[in-house]
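Notes follow once the structure below has been shown.
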Amino acid sequence: MEPGMIMLFVWIGMMVAFTVIEAVTVQLVTIWFAVGSLAALIANIAGANMVVQWVVFVLVAAVCLLVTRPVVKKVVNAKAEPTNADRCIGQTGIVTEQIDNDAGTGLVRVKGAVWSARSQTGEQLEKGAAVTIQSIEGVKVMVTRAPCPAREGQV
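Just so we're aligned, residue 6 is where the sequence shown starts under our numbering, counting upward by one.
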């Protein structure tokens, strides 16, 4: 098999591999190399020698990376806007309905608002128990038993 034909398969293989990696990661990390592989494949079909094909691959991938990466970073890394709900994390609340992860029940009052709640440790927490908000997952707060009872004004 002649070198031109071998490189044809190399570029096709690289293009497919980079595209598959991109599809699996969904992070826009290899798409530029897939485009560079396509350009090198076109150079191969046009009859360019192996050195020219590699130069085309590197240059096209680098240009694509330099031109699109800043835009892609802004879109992918768009910061989530914090909400007032984030202020509940670390606060103490009172269980207003028994928290039972298995039954899918539980309500907590914290800072005047009532939230659906789940125990982060999996333990059942009885009505009236003081809890600490550890995180928010969707519309539920994840709680643990507070080390000491809640005082008026904290809830």
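We put the beta carbon where it would ideally sit given N, CA and C, even for glycine.
Segment limits, alpha helix (DSSP H) that includes residue i
i, result
"Leu13", "8-30"
"Val40", "36-50"
Host beta strand (DSSP E) of residue i (start-end)
i, result
"Leu112", "110-115"
"Pro103", "Here residue 103 is Gln; the residue named in the question, Pro, does not match the sequence. Its beta strand (DSSP E) spans residues 97-105."
"Ala135", "135-142"
"Thr149", "145-150"
"Ala118", "118-124"
Check whether residue i and residue j have beta carbons under 8 Å apart
i, j, result
"Val115", "Ile141", "no"
"Val148", "Val119", "no"
"Gln129", "Gln103", "yes"
"Ser42", "Met19", "yes"
"Val57", "Ala44", "no"
"Val76", "Leu33", "no"
"Val136", "Gly95", "no"
"Ile26", "Leu46", "no"
Distance between beta carbons of residue j and residue i, contact taken as under 8 Å
i, j, result
"Arg92", "Gly111", "Contact doesn't hold; Cβ gap of about 21 Å is too wide."
"Val100", "Lys132", "5 Å"
Within 8 Å, do at least three Cβ pairs link the segment 55-71 to the segment 27-38? yes
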